[in-house]
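In the working numbering, the protein residues as written are 86 to 531.
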């Protein structure tokens, strides 16, 4: 079903709104500027007619009517050939109509209809310029199609703008965040390789969301994808004059998350620390997890050096949030650090996650079954697996926070240790920082 409407662009410095005509077919828009700007009260958006109170009303109304008729003709021609009047085909067909009119005008030494109806020299020049610009758009589309066929087209492709965004931000954000944008680009290329940034509408985004759900991605992943998606759109919106108002109506998947956090209990942590290991690789990954459990440090911060340790505290600036934290070290943490000369050896996180599962599988208490629930769209999925198989780098920080809470440590103290910006990340209630941090840490690990 095709629909043609009249729309107003945002006001310019003169307080006037440019008038455009929009053809929509099954969510695919084709928008054509008329080259006319008026104060919003002087245009009837139902009829597309400019008020007769304006001196140029007859000429402008004739111009608008001609463009409207050309859009109708373009859509009718495409449908007559059995095609779909989507954005790309409409742009090509419309440009052909304008080109034919220009050629006919040259042969008969007369101006196109809307130019002939303009009564002023300036009006004729503006209309001629509009026709030429439309012809250029059509030619650019032809070039684009040829480049796509040759596999060399980048132009306005959304994936190309994601690549540009990554390049612009690579000195400002961490590598983990950049990988999320790379993942977004890969998903977009898989979803619709030829998607242009100026073709992104609410219907396109809805379709992308539904495709991600059908692909089986979990809700938390889908929500993260769209955070990055919107970031790229809004970054280039002003420069490209994108109309993002419609996109605010987008409804993302619900934030449905498994409430069962995977972390070690105090007794499971004790079993991990006392586990006898002969394999040096297993010893290394066990000690890395142990320090994360005993300090609450993220993976990106756990490989600190002895220079960060002073007076029984480890102090550093976190990589993720650039927050300075000071965490008291328990006797267990000091013991692990001393046998590693206060310098844990780095391993790839993928190797760590593989090896730590093998280590945890050696602990009988970690072979109990654990239920995991996740959501894809509104569909709820349940998994039951041995707890050892669910342990990863994320479990260390969760273990620290949960054991601290269970053992009565002041929540605001935990906030300071782990570097959260507010207490909502830890719990709903507020508290004051404790002055005796050594006493607090002793509640948990001593």
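Note that the Cβ used here is the ideal one computed from N, Cα and C, for glycine as well.
These figures come from a predicted structure and were not determined experimentally.
Exercise for the section: Starting from residue 150, follow the alpha helix (DSSP H) in both directions and report where the run begins and ends. Expected result: Start at 1 with the first residue of the chain shown, and residue 150 comes out as number 65. Segment 142–165, the alpha helix (DSSP H) holding residue 150.
Exercise for the section: State the start and end residues of the unbroken alpha helix (DSSP H) segment that holds residue 505. Expected result: Against the chain shown, residue 505 aligns to sequence position 420. Unbroken run through residue 505: none, as it is neither H nor E.
Practice task
Using the Cα positions of residue 169 and residue 113, report the straight-line distance between them to the nearest angstrom.
Solution key: For this step, residue 169 is matched to residue 84 along the chain shown. For this step, residue 113 is matched to residue 28 along the chain shown. One C-alpha to the other measures close to 10 Å.
Problem - Closest residue to residue 461 among 482, 248, 337 (Cα-Cα distance) - result: The sequence position of residue 461 within the chain shown is 376, counting from 1. Minimum Cα distance to residue 461 is reached at 337.
Practice task
Mind the definition here: the segment 99–114 touches the segment 155–174 only if three or more C-beta pairs lie below 8 Å; say whether that holds.
Solution key: yes
Exercise for the section: Just mark residue 88 as buried or exposed, buried being the case when its beta carbon has 16 or more other beta carbons within 10 Å. Expected result: Here residue 88 refers to the residue found at position 3 when the chain shown is read from its first residue. Residue 88 should be labelled exposed.
Handout entry: Cβ-based burial, residue 304 [other Cβ within 10 Å; buried from 16]
Key = By one-based count along the chain shown, residue 304 stands at place 219. Its Cβ being crowded by 16 or more others within 10 Å, residue 304 is buried.
Exercise for the section: State buried or exposed for residue 192, treating a residue as buried only when at least 16 other CB atoms are found within 10 Å of its CB. Expected result: Along the chain shown, one-based indexing puts residue 192 at 107. Residue placement at residue 192 cannot be trusted, given a pLDDT of 49 that sits under 50; the coordinates are not used to answer.
Problem - The alpha helix (DSSP H) enclosing residue 321, as first and last residue numbers - result: Taking the first residue of the chain shown as position 1, residue 321 is located at position 236. Start and end: 304–325.
Exercise for the section: State buried or exposed for residue 258, treating a residue as buried only when at least 16 other CB atoms are found within 10 Å of its CB. Expected result: Here the question's residue 258 lines up with position 173 in the chain shown. That one is exposed.
Problem - Buried or exposed by the 16-neighbour rule on C-beta atoms within 10 Å, applied to residue 185 - result: Taking the first residue of the chain shown as position 1, residue 185 is located at position 100. Classification of residue 185: exposed, given that the 10 Å Cβ count is below 16.
Problem - Given residue 147 as reference, the closest of 160, 161, 159, 132 once Cα atoms are compared - result: Within the chain shown, numbered from 1, the residue matching residue 147 stands at position 62. Closest by alpha carbon: 132.
Handout entry: Residue of 417, 420, 399, 419 minimising C-alpha distance to residue 411
Key = Indexing the chain shown from 1 puts residue 411 at position 326. Selected option, being the one with the closest Cα: 399.
Practice task
Please state whether DSSP places residue 389 in a helix, a strand or coil.
Solution key: As a position in the chain shown, residue 389 is number 304, starting the count at 1. The answer is coil: DSSP assigns residue 389 none of H, G, I, E or B.
Problem - Segment contact flag, the segment 466–479 with the segment 438–446, C-beta cutoff 8 Å, min 3 pairs - result: yes
Practice task
Taking residue 332 and residue 287 to be in contact with their CB atoms under 8 Å, please state how far apart those CB atoms are, rounded to whole angstroms.
Solution key: The count along the chain shown starts at 1 and reaches residue 332 at position 247. The count along the chain shown starts at 1 and reaches residue 287 at position 202. Indeed they touch by this definition, with Cβ atoms about 6 Å apart.
Practice task
Please say whether residue 482 and residue 430 have beta carbons closer to each other than 8 Å?
Solution key: In the chain shown, counting from the first residue as 1, residue 430 sits at position 345. In the chain shown, counting from the first residue as 1, residue 482 sits at position 397. Cβ distance not < 8 Å, so residue 430 and residue 482 don't count as in contact.
Exercise for the section: Please state whether DSSP places residue 402 in a helix, a strand or coil. Expected result: Indexing the chain shown from 1 puts residue 402 at position 317. If DSSP states are grouped into helix, strand and coil, residue 402 belongs with the strands.
Practice task
Measure the CB-CB distance between residue 282 and residue 241 and report whether it falls below 8 Å.
Solution key: As a first step, residue 282 must be located in the chain shown, where it is residue number 197. As a first step, residue 241 must be located in the chain shown, where it is residue number 156. Going by C-beta atoms, residue 282 is nearer than 8 Å to residue 241.
Handout entry: Proximity of residue 421 and residue 376 at Cβ, strictly below 8 Å
Key = Translated into the one-based positions of the chain shown, residue 421 becomes position 336. Translated into the one-based positions of the chain shown, residue 376 becomes position 291. Going by C-beta atoms, residue 421 is nearer than 8 Å to residue 376.
Practice task
Would you give the residue range spanned by the beta strand (DSSP E) that residue 460 belongs to?
Solution key: Start at 1 with the first residue of the chain shown, and residue 460 comes out as number 375. Element bounds for residue 460: 454–461.
Handout entry: Beta-carbon proximity list for residue 406, same chain, < 8 Å, skipping 5 on both sides
Key = Looking up residue 406 in the chain shown gives position 321. Cβ neighbours of residue 406 beyond the five flanking positions: 504, 506.
Practice task
Please classify residue 297: does DSSP put it in a helix, a strand, or coil?
Solution key: The residue given as residue 297 occupies position 212 in the chain shown. Helix at residue 297.
Handout entry: Which listed residue (396, 403, 371) has its alpha carbon closest to that of residue 424
Key = By one-based count along the chain shown, residue 424 stands at place 339. Taking only the C-alpha atoms, the option nearest residue 424 is 371.
Practice task
Mind checking which residues open and close the alpha helix (DSSP H) that includes residue 373?
Solution key: Locating residue 373 in the chain shown gives position 288, counting from the first residue. Counting along the chain, the alpha helix (DSSP H) containing residue 373 begins and ends at 365–380.
Exercise for the section: Output the distance between the C-alpha atoms of residue 275 and residue 177, rounded to the nearest integer angstrom. Expected result: To locate residue 275, count along the chain shown from 1; it is residue 190. To locate residue 177, count along the chain shown from 1; it is residue 92. Cα to Cα, the separation comes out at about 26 Å.
Handout entry: Distance, residue 97 Cα to residue 157 Cα
Key = Translated into the one-based positions of the chain shown, residue 157 becomes position 72. Translated into the one-based positions of the chain shown, residue 97 becomes position 12. If I take the Cα positions, the gap works out to 28 Å.
Exercise for the section: Kindly indicate which three-state DSSP category residue 121 falls into: helix, strand or coil? Expected result: Taking the first residue of the chain shown as 1, we reach residue 121 at position 36. Residue 121 falls in the strand class under three-state DSSP.
Handout entry: Integer-rounded CB distance, given that residue 175 should sit under 8 Å from residue 115
Key = As a first step, residue 115 is located in the chain shown; it is residue number 30 there, counting from the start. As a first step, residue 175 is located in the chain shown; it is residue number 90 there, counting from the start. Contact holds; Cβ gap of about 4 Å.
Practice task
Check residue 107 in the structure and name its three-state DSSP category.
Solution key: Counting from 1 along the chain shown, the entry for residue 107 is found at position 22. Residue 107 falls in the strand class under three-state DSSP.
Practice task
Using the Cα positions of residue 181 and residue 135, report the straight-line distance between them to the nearest angstrom.
Solution key: Counting from 1 along the chain shown, the entry for residue 181 is found at position 96. Counting from 1 along the chain shown, the entry for residue 135 is found at position 50. Cα to Cα, residue 181 sits roughly 27 Å from residue 135.
Problem - Same chain only: Cβ atoms within 8 Å of residue 296, ignoring 5 sequence neighbours per side - result: In the chain shown, counting from the first residue as 1, residue 296 sits at position 211. Excluding positions up to five away in sequence, the list reads 276.
Handout entry: Exposure of residue 436, with buried meaning 16 or more beta-carbon neighbours within 10 Å
Key = One-based indexing of the chain shown puts residue 436 at position 351. When all chains shown are included, residue 436 counts as exposed.
Practice task
Consult DSSP for residue 132 and reduce its assignment to one of helix, strand or coil.
Solution key: By 1-based counting over the chain shown, the position of residue 132 is 47. Reduced to three states, the DSSP call for residue 132 is coil.
Handout entry: Buried/exposed call for residue 539, threshold 16 Cβ in 10 Å
Key = Nothing in the structure corresponds to residue 539, since the chain is present only between 86 and 531.
Problem - Where residue 466 sits in the DSSP three-state scheme - result: On the chain shown, position 381 is the one that residue 466 refers to. DSSP places residue 466 in strand when its eight states are reduced to three.
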